[in-house]
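As they're listed, the protein sequences go chains A and S. Start counting the first sequence at 503; every next residue gets the next number (the working numbering). Start counting the second sequence at 503; every next residue gets the next number (the working numbering).
2 protein chains.
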Amino acid sequence: MHDIAEHLGVSRQLVSLVLRDAEGPSEESRRRVRAAAQELGYHPDQSARLLRGRRSHRLGVLFSMKEPFEADLVERLLTAAAARGYSLALGPHGPSRPQAGALAELLGQRIEALLVLSGDSGLDTIDGLPDTVPLVQLGGPAAGDGHDDVRADDAAGFALLVDHLVDLGHRRIAHVSGGSGPNAAARRTAYAQQMRSRGLSPDTVEAAYTEEAGYRAAVQLLDREASPTAIMAANDRCAVGVMAALASRGVAVPGRVSVTGFDDSSVASWPFMDLTTVDVDPSALAEAALEAAVYRAGGGTGAPAAERVVPRLVVRSSTGPA
Amino acid sequence: MHDIAEHLGVSRQLVSLVLRDAEGPSEESRRRVRAAAQELGYHPDQSARLLRGRRSHRLGVLFSMKEPFEADLVERLLTAAAARGYSLALGPHGPSRPQAGALAELLGQRIEALLVLSGDSGLDTIDGLPDTVPLVQLGGPAAGDGHDDVRADDAAGFALLVDHLVDLGHRRIAHVSGGSGPNAAARRTAYAQQMRSRGLSPDTVEAAYTEEAGYRAAVQLLDREASPTAIMAANDRCAVGVMAALASRGVAVPGRVSVTGFDDSSVASWPFMDLTTVDVDPSALAEAALEAAVYRAGGGTGAPAAERVVPRLVVRSSTGPA
DNA sequence: ACGTGCCAATAGCACGTGCTAGAGGGTCGT
DNA sequence: ACGACCCTCTAGCACGTGCTATTGGCACGT
Chain A
503 MHDIAEHLGV
513 SRQLVSLVLR
523 DAEGPSEESR
533 RRVRAAAQEL
543 GYHPDQSARL
553 LRGRRSHRLG
563 VLFSMKEPFE
573 ADLVERLLTA
583 AAARGYSLAL
593 GPHGPSRPQA
603 GALAELLGQR
613 IEALLVLSGD
623 SGLDTIDGLP
633 DTVPLVQLGG
643 PAAGDGHDDV
653 RADDAAGFAL
663 LVDHLVDLGH
673 RRIAHVSGGS
683 GPNAAARRTA
693 YAQQMRSRGL
703 SPDTVEAAYT
713 EEAGYRAAVQ
723 LLDREASPTA
733 IMAANDRCAV
743 GVMAALASRG
753 VAVPGRVSVT
763 GFDDSSVASW
773 PFMDLTTVDV
783 DPSALAEAAL
793 EAAVYRAGGG
803 TGAPAAERVV
813 PRLVVRSSTG
823 PA
Chain S
503 MHDIAEHLGV
513 SRQLVSLVLR
523 DAEGPSEESR
533 RRVRAAAQEL
543 GYHPDQSARL
553 LRGRRSHRLG
563 VLFSMKEPFE
573 ADLVERLLTA
583 AAARGYSLAL
593 GPHGPSRPQA
603 GALAELLGQR
613 IEALLVLSGD
623 SGLDTIDGLP
633 DTVPLVQLGG
643 PAAGDGHDDV
653 RADDAAGFAL
663 LVDHLVDLGH
673 RRIAHVSGGS
683 GPNAAARRTA
693 YAQQMRSRGL
703 SPDTVEAAYT
713 EEAGYRAAVQ
723 LLDREASPTA
733 IMAANDRCAV
743 GVMAALASRG
753 VAVPGRVSVT
763 GFDDSSVASW
773 PFMDLTTVDV
783 DPSALAEAAL
793 EAAVYRAGGG
803 TGAPAAERVV
813 PRLVVRSSTG
823 PA
């Protein structure tokens, strides 16, 4: 900035005014300063900007790069934040990068609120976070207490899927559960409840949120005497395994068995999968979470929000009449 | 920092010395300062640190969150950078976040070098980047010129795969190509060359780096009179489609047709895929790219490096005797 | 000629930290 | 008892920017 000012023979302050679009400078000055900035390849130093400003308008995001769904959410968060004039400090954690390390880095970045993402991968309890930064939990296991909490309404989603299958005439509908994974218990319960309310008895096989677990669970189901005519997987990844197992046994989908997923991830739309699933609309999740974070960043002190985004049924060709 | 000093009745400078592990302060002081910092929930302000330091020891990474392989690379880069005392500024771009926007944000963060990732998804030509920041390209389409360039040795990888199949007795080996995708031409050429050197004639079907394209290409191959006994997909995603097509036609793998992938992504290790592929070892890629970036950051002015990481053949159960 | 008002541009401090230079108070040797 | 030394701590400036307060210059009215 100093260089630009010297180059033009004006003061540094004038340059500052122009570059942050403040009122004052004449059109002529604006033109010249902008041209010089372009010419000299100037980019404002975010550190200095952040340091000077009273507020940072910056939110931290703690997430895992491994999970495609979280990566997707982060992208939505980026646009949602930009639309409100906020920027995001990304804090990816992974096997080689402990959560605590990523957290410490975020806390050094003047964040006004912290968004914690946790998909189906599971996340150890969040600890070591200071009470100075408000926390918004997004889609993870139930937070301790007192924090904003945004997630999909899994119960509503499973009710939609059960109804869909029952309406198609299915009566032996099995559920391949996420086992001890986050939200798995809620999904299992929602499934059982909706089955009973339709006069059917639930049939759950414990597995996990992985392709391999889905594969094994499906094999197990096929080996029974009265194998089900429909299989509801705990999520899409799990459904991929189920589909693979059926294909390897030569079982027609949806001819003999219908299959459903949960998430509407990209795999669900592969033409040879074409999975009936529920769409949790990551944009809506991101929007709701960001709204909560912005509210806290602005000093909001209302009661913790507990937003439940209602998913949408997406019918594709993996389900059909019993 | 000021608060801690006041809390203990010492000077701010002493606190500074302790917290950055400089020599000088006594053990007693260290203990007390650290305890106070913990108690007050202090985290050093990175902005101020960055502003003060002459060097930032910070590297920018431009990538896409959509691509799992890039996400994986970023994670390796994070650990590699940490090991060398560098930090990374992440610049994810996506549909709603133009590359230029992410780039501008990075340039405002005092980066000393810029790593540009581009997997199989393709990336428009990089422009608008100032000549003040050295650039290292990682795995993408050939950079214009004069930039460091790190990527997998696709030719060596395909040679390994062709040799593997030929040694198993296959003679009709088809290649489902990545079409106009980045590096697809190089892989196609490497395949053709190695086939000829083994006395066989190449047989390429144009497709793309997606599951759907792989599926369609495989269907096309199966409909021929003399269908191949082995199919080499352009990458793992493509191989997933090929496998699905074979399964839906009841073609045994590897009984009647062998299948190979390229990348050793997570799908390749799914038990019902168990794909023979080549492992590009993202750690080695990340390490090499980071080394180049650090060299440039340190002011290195040598000739542009052109590192080719030699991949490793991973034999699984999707290939067998002809 | 002199004040009044306005527009354009400038002066100077503050943000939180790292680093160089220096200050204070002990201990030791003579 | 006095200076030389070391060990520990402190004073103060600099980094690049935003913002408040102030200055300079011009046109206008009296």
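The beta carbon of each residue, even a glycine, is placed where N, CA and C say it ideally should be.
Quick one: grab the DSSP three-state call for residue i.
i	result
VAL638 of chain A	strand
ASP650 of chain A	strand
GLY624 of chain S	Here the model assigns GLY624 of chain S a pLDDT of 48, short of 50, so the residue's position is not dependable and the matter cannot be decided.
ILE613 of chain A	coil
THR691 of chain S	helix
MET745 of chain A	helix
PRO594 of chain A	strand
MET775 of chain A	coil
ARG599 of chain S	strand
GLY804 of chain A	coil
PRO825 of chain A	Since the displayed chain A opens at 503 and closes at 824, residue 825 of chain A lies outside it and no answer follows.
LEU608 of chain S	helix
LEU702 of chain A	coil
ARG739 of chain S	helix
SER750 of chain A	helix
GLY728 of chain S	At residue 728 of chain S the sequence reads Ala, which differs from the Gly that was named. Coil, per DSSP.
VAL755 of chain S	coil
ALA686 of chain A	helix
ARG770 of chain A	Position check: residue 770 of chain A holds Ala in this sequence, whereas Arg was assumed. ALA770 of chain A: helix per DSSP, three-state reduction.
GLY822 of chain S	coil
State the beta-bridge partners of residue i as determined by DSSP.
i	result
VAL618 of chain S	S:LEU564 and S:GLN639
THR581 of chain A	Answer is none; THR581 of chain A lacks a bridge partner.
VAL445 of chain S	Because chain S is modelled from 503 through 824, residue 445 of chain S falls outside the range shown and cannot be assessed.
GLU809 of chain A	A:VAL652
MET734 of chain S	S:HIS677 and S:THR762
ASP781 of chain S	S:ASP765 and S:ARG814
SER589 of chain S	S:ARG560
Could you tell me the boundaries of the alpha helix (DSSP H) in which residue i lies?
i	result
ARG533 of chain S	529 to 542
VAL721 of chain A	713 to 724
PRO784 of chain A	784 to 799
GLU832 of chain A	In this structure chain A extends from 503 to 824, so residue 832 of chain A is not present and cannot be described.
SER518 of chain S	514 to 521
SER549 of chain S	548 to 554
From what residue to what residue does the beta strand (DSSP E) around residue i run?
i	result
ASP669 of chain A	Note, ASP669 of chain A: premise wrong, no beta strand (DSSP E); alpha helix (DSSP H) at 656 to 669.
Which residues, in order along the segment 710 to 732 of chain S, keep a beta-carbon less than 7 Å from a beta-carbon of chain A?
-> GLU713, GLU714 and TYR717
Which residues, taken in chain order from the segment 770 to 783 of chain S, show a beta carbon closer than 7 Å to some beta carbon of chain A?
-> TRP772, PRO773 and PHE774
Determine contact between the segment 766 to 775 of chain S and the segment 686 to 705 of chain S, defined as no fewer than three beta-carbon pairs at a distance below 8 Å.
-> no
Could you say if the segment 682 to 701 of chain A and the segment 740 to 757 of chain S meet the contact criterion of at least three C-beta pairs nearer than 8 Å?
-> no
Chain A contacts made by the segment 598 to 610 of chain S, where a contact means CB separation under 7 Å = SER598, ARG599, ALA606, LEU609 and GLY610
Please name the residues in the segment 537 to 566 of chain A whose beta-carbon is closer than 7 Å to at least one beta-carbon of chain S, in chain order.
-> GLY543, HIS545, PRO546, ASP547, GLN548, SER549, ALA550, LEU552 and LEU553
Count the CB pairs spanning the segment 581 to 597 of chain S and the segment 557 to 565 of chain S that are closer than 8 Å, and state whether there are at least three.
-> yes
Inspect the CB distances between the segment 792 to 807 of chain S and the segment 768 to 784 of chain S and report whether three or more fall short of 8 Å.
-> no
If you pair each beta-carbon of the segment 515 to 524 of chain A with each one of the segment 580 to 587 of chain A, do three or more pairs fall below 8 Å?
-> no
Determine, using beta-carbon pairs with one atom in the segment 540 to 555 of chain A and one in the segment 605 to 624 of chain S, whether at least three such pairs fall under 8 Å.
-> yes
Three-pair Cβ contact test at 8 Å for the segment 722 to 733 of chain A versus the segment 753 to 765 of chain S = no
Check each residue of the segment 507 to 531 of chain A: if its Cβ is closer than 7 Å to any Cβ of chain S, include it; give the result in chain order.
-> none
Check distances from the C-beta atoms of the segment 790 to 824 of chain S to those of chain A and list, in chain order, the residues that come in under 7 Å.
-> none
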